[in-house]
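**Q** Before we start, here is the structure in question, set down as structure tokens.
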Amino acid sequence: MQINLTGHHVEVTDSLREYVDGKFSKLERHFDHINNVHVILNVEKLTQKAEATLHLNGGEIFANAEHRDMYAAIDSLIDKLDRQVIKHKEKLNAH
Numbered sequence: 001m002q003i004n005l006t007g008h009h010v011e012v013t014d015s016l017r018e019y020v021d022g023k024f025s026k027l028e029r030h031f032d033h034i035n036n037v038h039v040i041l042n043v044e045k046l047t048q049k050a051e052a053t054l055h056l057n058g059g060e061i062f063a064n065a066e067h068r069d070m071y072a073a074i075d076s077l078i079d080k081l082d083r084q085v086i087k088h089k090e091k092l093n094a095h
């Protein structure tokens, strides 16, 4: 799985990159058909935003999350993606 990490109005530090990589590796344990991921971290005034698009076999999954803390926004984003990935996996297994 290839992760493209972009920052808008925020410096993507090594610790942020490692945090994102670690979180997405957990996601990959649930579903190993994730081809690549595009993550955008954005800061608007006091709001930290994280959004991601997963490119999977059979489609794309998009989610975004906002929080005052970037790490919390990433956690929330992963939770949302995790639910969507599980739904996608169940849909594939139903056929």
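Read in UniProt numbering, the sequence shown has 57 at position 57, and its numbers run on one by one without any break.
No residue lacks a Cβ here, since even glycine has one placed at the ideal position from N, Cα and C.
What are the boundary residues of the beta strand (DSSP E) that includes E66?
**A** Here residue 66 refers to the residue found at position 66 when the sequence shown is read from its first residue. 59-67 is the span of the beta strand (DSSP E), which, as asked, contains E66.
**Q** Could you tell me which residues DSSP puts in a beta bridge with G7?
**A** For the purposes of this step, residue 7 is taken as residue 7 along the sequence shown, with counting starting at 1. Answer is L41, bridged to G7.
**Q** Tell me where the beta strand (DSSP E) around H55 begins and ends.
**A** By one-based count along the sequence shown, residue 55 stands at place 55. Start and end: 47-56.
**Q** Short check: CB of K49 to CB of A73, under 9 Å?
**A** As a working note, residue 49 is residue 49 in the sequence shown. As a working note, residue 73 is residue 73 in the sequence shown. Yes, these two residues count as a Cβ contact at 9 Å.
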